[in-house]
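Peer 1: Just so you know, the protein sequences line up as chains A and B, in that order. For the first sequence, numbering that gives the first Met the number 0 begins at 0 and goes up steadily by one. For the second sequence, numbering that gives the first Met the number 0 begins at 0 and goes up steadily by one. Okay, here's the structure, questions in a sec.
Number of protein chains: 2
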Amino acid sequence: MTSKTIQKLPRGIFAASLTPLKSNLSIDTELMLEHCHSLLENGCDGLVIFGTTGEANSFSVRERIDLLDALLAGGLPPHKLLIGTGCCAFPDSVELTKHAVKNDAGGVLVLPPFYYKNISDEGIFHAFDRLIQEIKDERLKVYLYHFPKMAVISFSQALIRRMVETFPGIIIGMKDSTGDFENMKSNHNTFSGFDVYAGTEQLLSDILQIDAAGCVSASLNLTSRLAARVKNAFPGEESQALQNKLNAIRKEFEKHPMIPALKQMMARKTGHISWTNLRPPLVSLDEPESRALEEALDALQFSNYCSF
Amino acid sequence: MTSKTIQKLPRGIFAASLTPLKSNLSIDTELMLEHCHSLLENGCDGLVIFGTTGEANSFSVRERIDLLDALLAGGLPPHKLLIGTGCCAFPDSVELTKHAVKNDAGGVLVLPPFYYKNISDEGIFHAFDRLIQEIKDERLKVYLYHFPKMAVISFSQALIRRMVETFPGIIIGMKDSTGDFENMKSNHNTFSGFDVYAGTEQLLSDILQIDAAGCVSASLNLTSRLAARVKNAFPGEESQALQNKLNAIRKEFEKHPMIPALKQMMARKTGHISWTNLRPPLVSLDEPESRALEEALDALQFSNYCSF
């Protein structure tokens, strides 16, 4: 289909980009583009577009395709983008994946179909098998999106093995949002060439220690610059001190609904009101909650560490 | 918009229709239409199209719209149809709901947005509030789809109260798939004019006893005629004996993944191979499982009670 050399997705620090919305809850494409460029200039090695943090599953296929088109037209480098494409409906996953691959995205981040529960490994395998058969493009690079707390469906190690062995060079990595470092380490050590990204920057030093692929995280929308300092100073005391600060900031966000809390702080830090809007069923922090977050972050001198 | 009198959704027995698929996993529309007509001729007072049993969330918006168009063109009476329209993505729910309402569907069965977990009542309320505002059609009749085991998100009684009070004549009922009859009874008794449909025909006699709206169930794809006999003979010994038989049959299906088990038996009973196909992540029963189900049903003289 193409003679271009496809660059591999970078290793390192990925913000799972938030998606700014206008007051009518349509995507604020201009602000999104500005934000993505800013993240790449402020420590991010790559970006996830349409992950959980980006409210991916709250948008239609059309909206998702249109946004990616706009981001690429606006100059974002496709090989630095990991595009969320996993939906409940197989034709939706196919359409989004085809579109991302056609545009030379660095990879697609694929949730298992997540409506039905108590699904067998066999059923998840079939979903990926059919998706890959449908795409039929050598550029396809699939990263498994492992987030059992949200998707409820999860990838067992036996299933990962079967998929990696069946689709070498296609299923090549995972975003692991379990927070379970032992699981990440085990997958990193077990599957050769399998790129494991931790779903939180609290594990950045641990990931660097074992030379796994990197971190993809929601809070990196605000802390990517600090995370890059951790990475650049690694290993050593300075890096550890910065990691401690990164962890302390993350812990404050974790005390609140994560996406609303991050959008609230984005609005405060950038002055763009579009950051406060959320698609249902997510709701904004109330005023006391918002104030509590801000005060806690102030106590950590967040302004000195925030990317904005 | 229209001067037609809109008929209310019937009470009674509703099969949550299975969706037959061709070998390429596209919908077998002709067989679906035949099945739906057959269900209405065999004891069903109405049908749910695109519920959990119908693998609704495994189909794109386009597929769902096209199927409903075909079913209506094929003569199914719209007021007997309760159409599943609740998706994760707000624009998808809006598009499906508009389409169903425009076609005078008896009602729409709406899941809460189900990707995000730990969602507040406020967030679910907002999702329904915005949906209703977007539809702006006096024909809109919303039935809440309460299925916490599958959607994980659930409707608290406080939330139901708020929605019923805020949207009288619009949010008018619920399919309750919890199996918790006390919850159904409580909602039936608490909210005047609120139509409660139990998600299993095992509760049919109980529902008839309290004069709630009816039952919507997966297994009614095969047992609607028997369920109608329970209803027609109610109350009394004959009805109770038939209810016991209905329960015994249902219990055999519950020992297996429900949708694959039902599709397997549909294929055996009708000879249509399209019934054996499932969209990922669902998988067919294996041969021993299938045989075990068939033997257990034979022991219950299922052939004498099956609708086909």
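Even for Gly, the Cβ is constructed at its ideal location relative to N, Cα and C.
Could you give the residue range of the alpha helix (DSSP H) that holds residue 174 of chain A?
Peer 2: Run containing residue 174 of chain A: none in the alpha helix (DSSP H); it sits in the beta strand (DSSP E), 170-175.
Peer 1: With 7 Å as the limit, tell me which residues of the region 120-135 of chain A have their beta carbon closer than that to any beta carbon of chain B; keep them in chain order.
Peer 2: So the list reads 121, 122, 123, 125, 126, 129, given in the order they occur along the chain.
Peer 1: May I ask which residues mark the beginning and end of the alpha helix (DSSP H) holding residue 35 of chain A?
Peer 2: 28-40
Peer 1: Spatial neighbours of residue 176 of chain A within its chain, please: CB distance less than 7 Å, with the 5 preceding and 5 following residues excluded, ordered by chain position.
Peer 2: Excluding residues within five positions, the ones whose Cβ falls inside 7 Å are 145, 146, 198.
Peer 1: Report buried or exposed for residue 101 of chain B, applying the criterion of at least 16 other Cβ atoms within 10 angstroms of its Cβ.
Peer 2: exposed
Peer 1: In terms of DSSP beta bridges, what is residue 13 of chain B paired with?
Peer 2: B/45, B/215
Peer 1: What does the Cβ neighbour count give for residue 104 of chain A, buried or exposed, with the cut at 16 atoms within 10 Å?
Peer 2: buried
Peer 1: For chain A, find out if any of its Cβ atoms is closer than 8 Å to the Cβ of residue 62 of chain B; answer yes or no.
Peer 2: Look at residue 62 of chain B: its C-beta is under 8 Å from a C-beta on chain A.
Peer 1: Classify residue 82 of chain B as helix, strand or coil using the three-state DSSP reduction.
Peer 2: strand
Peer 1: Whose CA, out of A/56, A/71, A/120, lies closest to the CA of residue 91 of chain A?
Peer 2: Residue 91 of chain A has its Cα closest to that of A/56, out of A/56, A/71, A/120.
Peer 1: Relative to the C-alpha of residue 316 of chain B, which candidate in B/219, B/193, B/266, B/235 has its C-alpha closest?
Peer 2: What is shown of chain B runs 0 to 307, which leaves residue 316 of chain B out entirely.
Peer 1: Which residue from B/60, B/284, B/138, B/111 puts its Cα closest to that of residue 155 of chain B?
Peer 2: B/111
Peer 1: By how many angstroms is the C-alpha of residue 113 of chain B removed from the C-alpha of residue 62 of chain A?
Peer 2: Going from the Cα of residue 62 of chain A to the Cα of residue 113 of chain B covers about 19 Å.
Peer 1: Name, please, each residue of chain A whose Cβ falls closer than 8 Å to the Cβ of residue 109 of chain B.
Peer 2: None at all; the shortest Cβ gap to chain A is about 12 Å.
Peer 1: Is it buried or exposed, residue 40 of chain B, if we count other Cβ atoms within 10 angstroms and call 16 or more buried?
Peer 2: exposed
Peer 1: Can you tell me the Cβ-Cβ gap for residue 263 of chain A and residue 292 of chain A, rounded? I've got them flagged as a contact below 8 Å.
Peer 2: 7 Å
Peer 1: Consult DSSP for residue 187 of chain A and reduce its assignment to one of helix, strand or coil.
Peer 2: helix
Peer 1: In terms of DSSP beta bridges, what is residue 106 of chain B paired with?
Peer 2: B/81
Peer 1: Contact between the region 227-242 of chain A and the region 174-192 of chain A: three or more CB pairs below 8 Å?
Peer 2: no
Peer 1: Could you check whether residue 226 of chain B and residue 200 of chain B sit closer than 8 Å to each other, using their CB atoms as the reference points?
Peer 2: yes
Peer 1: Can you check whether the CB of residue 279 of chain B is closer than 8 Å to the CB of residue 122 of chain A?
Peer 2: Yes, the Cβ-Cβ distance between residue 122 of chain A and residue 279 of chain B is below 8 Å.
Peer 1: For residue 93 of chain B and residue 210 of chain A, what's the separation of their Cα atoms in angstroms?
Peer 2: 46 Å
Peer 1: For a contact meaning CB atoms closer than 8 Å, what does residue 146 of chain B contact in chain A?
Peer 2: By Cβ distance, chain A contributes nothing, its closest Cβ being about 10 Å from residue 146 of chain B, past 8 Å.
Peer 1: Mark residue 18 of chain A as exposed unless 16 or more other C-beta atoms lie within 10 angstroms of its C-beta, in which case mark it buried.
Peer 2: buried
Peer 1: Compile a chain-ordered list of the residues in the region 273-286 of chain B whose CB is closer than 8 Å to at least one CB of chain A.
Peer 2: Residues 278, 279, 280, 281, 282.
Peer 1: Does any residue of chain A have a CB that is nearer than 8 Å to the CB of residue 142 of chain B?
Peer 2: no
Peer 1: By the criterion of Cβ-Cβ separation under 9 Å, what are the contact partners of residue 149 of chain B in chain A?
Peer 2: Ordered by position in chain A, the residues that pass the 9 Å Cβ test against residue 149 of chain B are 114, 115, 116.
Peer 1: What whole-angstrom Cβ distance do residue 13 of chain B and residue 214 of chain B have, given they're in contact under 8 Å?
Peer 2: 7 Å
Peer 1: Tell me, please, whether the CB atom of residue 90 of chain A is closer than 8 Å to any CB atom in chain B?
Peer 2: yes
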